[in-house]
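FYI, the working numbering numbers position 166 of the sequence shown as 659, with every residue one higher than the one before it.
Where is the CB? At the ideal position from N, CA and C, for every residue including glycine.
Please read these numbers as outputs of a predicted model, since none were measured by experiment.
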Amino acid sequence: MDVESDHSESPNPISEGDFVRLLTRHELALRNYARLILPDWNGVDDVLQDASITMWESRQKLRDVSGFLPWGKVILRHKCFNAIAKMRRDRLVLDQNVLELIAREEEAETESENLIGIQRSLEECLGELSPERRELVLAPYCGAGEVMKLAEQSRKTPNSLYKIIGRLRARLSKCVEEKLRLELL
C-alpha cells in the first residue's frame with residue numbers, strides 16, 4: 494500500500510497543486526469505483542466529497558504520485574462502507590462480502606492496467622537504447638550462455654558486461670519511473 498503505516502510524513506510530500514491535479518485527473522475513476530460499491534448513484538457525491546477531505550487531510554502520507562489512485566481507493570472504500578452501514582438501517586443493500594469482492598476485482602483490473610503501463614514505458618525506454626545496448630541488456634533473459642557469447646564476441650570479460658548490464662538496468666528503471674510519473678501528472 495502507498496500509505497505510511499505510522500503517522501510519519503513522506504520524505505518528499507506531494508505539493509498541494511499536484512494533489513489537486515491528481516484528484517481531478519482520477520475523479521471519474523474514483524466516482525465509478527464508489528458506484529461499484531454503493532447501491533446507487535445517490536450517495537456517490539457525498540461519499541466522494543467526504544473521502545476527498547480525508548485524502549486532503551492525510552496527503553502528506555502519500556509516498557509518490559503513482560500511488561495516488563490505489564491510495565485514494567482505499568480511503569474511498571472505507572467511506573463507502575461507512576455510508577452503507579448507515580444505509581442498512583433504512584433499506585436492503587448488498588452484503589459486505591459481496592462488496593469486498595467487487596472492490597477487489599476492480600483493484601485487480603487497475604493493477605493489470607498499471608502493469609500494462611509499466612510494460613509500455615519499458616518498451617519505449619528499450620527503444621531509446623542503441624541496438625547493441627538493447628541486445629546486451631536483454632541477453633540474460635535470452636537463455637543460458639548469452640552473456641558469455643557476447644563477451645567472447647566483444648572480447649570483454651563477462652564480469653565487465655554484467656557491470657554494464659547493471660548500469661543499463663538502472664538507466665531503464667529511471668526512464669520507466671520518469672515516464673510513469675509524467676503519465677500520472
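6 Å CB neighbourhood of Val496 in its chain, flanking five on each side removed: Residue confidence is low: Val496 scores 41 on pLDDT, short of 50, so the model does not pin down where it sits. No coordinate-derived value is stated.
Buried or exposed: where does Gly636 fall if 16 or more other Cβ atoms within 10 Å of its Cβ makes it buried? Exposed, by the Cβ-count rule.
Please report how far the alpha carbon of Glu639 lies from the alpha carbon of Lys649, in whole angstroms. For Glu639 and Lys649, the distance between alpha carbons rounds to 13 Å.
Given that a residue counts as buried once 16 or more other Cβ atoms are within 10 Å of its Cβ, and exposed if not, what is Tyr526? The residue is buried, with at least 16 neighbouring Cβ atoms inside 10 Å.
Check the C-beta distance from Leu541 over to Leu569 and give it rounded, since I have them as a contact under 8 Å. Going by Cβ atoms, the distance from Leu541 to Leu569 rounds to 7 Å, so yes, they are a contact pair.
Could you tell me which of Leu523, Glu628, Ala644 and Leu622 sits nearest to Glu599, measuring between CA atoms? Here the closest residue by C-alpha is Leu523.
Is the distance from the Cβ of Arg613 to the Cβ of Leu619 below 8 Å? Going by C-beta atoms, Arg613 is not nearer than 8 Å to Leu619.
Is it right to say Ser498 is buried, meaning 16 or more other beta carbons lie within 10 angstroms of its own, or is it exposed? Note that Ser498 scores 41 on pLDDT, short of 50, meaning its location in the model is unreliable; the coordinates nonetheless yield the value given after this. Counting Cβ neighbours within 10 Å, Ser498 comes out exposed, since fewer than 16 surround it.
Span separating the alpha-carbon of Ser503 from that of Ile658: In this prediction, Ser503 scores a pLDDT of 47, lower than 50, which makes its location untrustworthy; no coordinate-derived value is stated.
Kindly indicate which three-state DSSP category Leu555 falls into: helix, strand or coil? It is a strand residue.
Rounded separation between Leu643 and Leu629 - CA only: Between the C-alpha atoms of Leu643 and Leu629 there is a straight-line separation of about 8 Å.
Determine the contact status of Ile595 and Leu529, defining contact as a CB-CB distance below 8 Å. Note that the C-beta distance between Ile595 and Leu529 is below 8 Å.
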